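Below is one structure; the comments refer to it alone.
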Amino acid sequence: MEEDEISLRDYINVILKEKILIASIFLVAIIAAAIFSFSIPKEYSSEAKLSYISNDKIPLTDAVEMLQSQTIIQKVASQESGVSQGDALSMLDNLKIGNVKDTNQILLQVKGNNPDTMKRYFERYVNVAIDEVNRISARKSQSDYSRLENLSTVYTKQRDEVSTEMNRKLIEAADLELRRLENLTDITARLGSRDRQLDLAFRISDLEEIKNGRTSSSAAQQMISSNPELSLLNSKLSSIDARLVDLDTKKLELENLDTVTVKLISPPTDPVMTGPRRTLNIAIAAVLGLFIGVFAAFFKNYMEESASK
């Protein structure tokens, strides 16, 4: 058993014996990594930040999706021609957009091989994207305002119809009551009740005012409250008035609403090189080459010993 044990000296002897093999693999790995690292094009990165202004027109998630839509990318690329258009599309396809955690900020990142054209495309993209999102937000606000205007028109027409109907019925009721009281006046005059005659005179005067169109008087309101049909029409009128007030409030809110959904807070940065990481690549290749070389040395030694037995 002890004769089969391998000491540290044996390990060192194998490494020294196969040092050329180990060094060869080590150098090949380094050279291959260096050639690869220097042959691939440099990669640059740039980023910009937008601020999302909370509103009920475009939620944050929708704003992020809109910013990376193909419509905006195509609009930016269409401003170029020929090869440049393809370059713009290729670069903007690498666009990454996301919400900065626990903030109202949106981070835009892009990568490319040409720092000059990349910055130009990216700056143009950011401007077009902001304009497009805010344009859609403004259009939605305008659409909502138009809808409220249409509703106001409908309710105003309904109010006019109900008001006209109520006034007509009020005048009819006043005319009917007026004829009844005029008959009572003759009877009261024959009975000689002075106080009763005076009270009837006041009531007749109020009814004549209603008949002549003064439907907002206190007498008219008393008649409305005592007449079920008129009371129902008045309740309907009050309900329509409440809806009109609510619509006017919403229209005023839309008029004062800021339709800006996103705005620039950090313009595109100057492109910085993010790859290839040549030093790191060569270092990793060196470590791997060393391990592979040592493994190859021991494997070769094992095969030679097995063949000699």
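For the sequence shown, the positions run 10 to 318 when this note's numbering is used. All residues carry an ideal CB built from backbone N, CA and C; glycine is no exception. Model, not experiment: these values are computed from the prediction.
Do you know whose CA, among the options, lies nearest residue i's CA?
i              : options                        : result
methionine 312 : Val23, Leu17, Thr173, Arg18    : Val23
isoleucine 115 : Leu101, Leu69, Thr80, Ser146   : Leu69
glutamate 56   : Lys149, Val109, Asn310, Thr165 : Val109
leucine 157    : Ala294, Ile44, Leu256, Lys272  : Leu256
serine 155     : Ser46, Leu263, Lys58           : Leu263
proline 280    : Ile39, Ser244, Thr126          : Thr126
isoleucine 180 : Asn143, Gln167, Met232, Asn64  : Met232
isoleucine 106 : Asp71, Lys84, Ser317, Arg148   : Asp71
serine 161     : Ser87, Lys259, Ile49           : Lys259
leucine 123    : Arg148, Asn159, Ile49          : Rather than leucine, the amino acid found at residue 123 in this sequence is asparagine. Checked all of Arg148, Asn159, Ile49; the closest Cα to asparagine 123 is Ile49.
serine 234     : Arg189, Asp250, Ala182         : Ala182
glutamine 169  : Ile249, Ala295, Leu25          : Correcting the residue type first, residue 169 is aspartate in the shown sequence and not glutamine. Checking every option, the nearest Cα to that of aspartate 169 belongs to Ile249.
Flag this pair as yes or no: are the beta carbons of residue i and residue j separated by less than 7 Å?
i              : j              : result
serine 146     : isoleucine 67  : yes
leucine 241    : methionine 175 : no
alanine 42     : asparagine 310 : no
isoleucine 301 : isoleucine 39  : no
threonine 278  : glutamate 52   : no
isoleucine 139 : valine 37      : no
serine 54      : lysine 120     : yes
valine 171     : lysine 58      : no
lysine 178     : leucine 239    : yes
What whole-angstrom Cβ distance do residue i and residue j have, given they're in contact under 8 Å?
i                : j              : result
alanine 305      : leucine 101    : Contact flag wrong, Cβ pair sits at about 46 Å.
serine 60        : asparagine 136 : That pair is no contact at about 15 Å.
arginine 252     : tyrosine 164   : 5 Å
phenylalanine 47 : arginine 287   : 7 Å
isoleucine 81    : glutamate 141  : 5 Å
In terms of residues, what are the limits of the beta strand (DSSP E) holding residue i?
i             : result
threonine 283 : 281-284
serine 275    : 271-275
Tell me the residue span of the alpha helix (DSSP H) that contains residue i.
i              : result
asparagine 22  : 17-26
asparagine 310 : 287-317
Checklist entry - Where are the alpha helix (DSSP H) runs, 4 residues long or more, that stay fully inside the stretch 45-114, in chain order? => result Counting only runs of 4 or more, we get 69-76, 79-86, 92-101.
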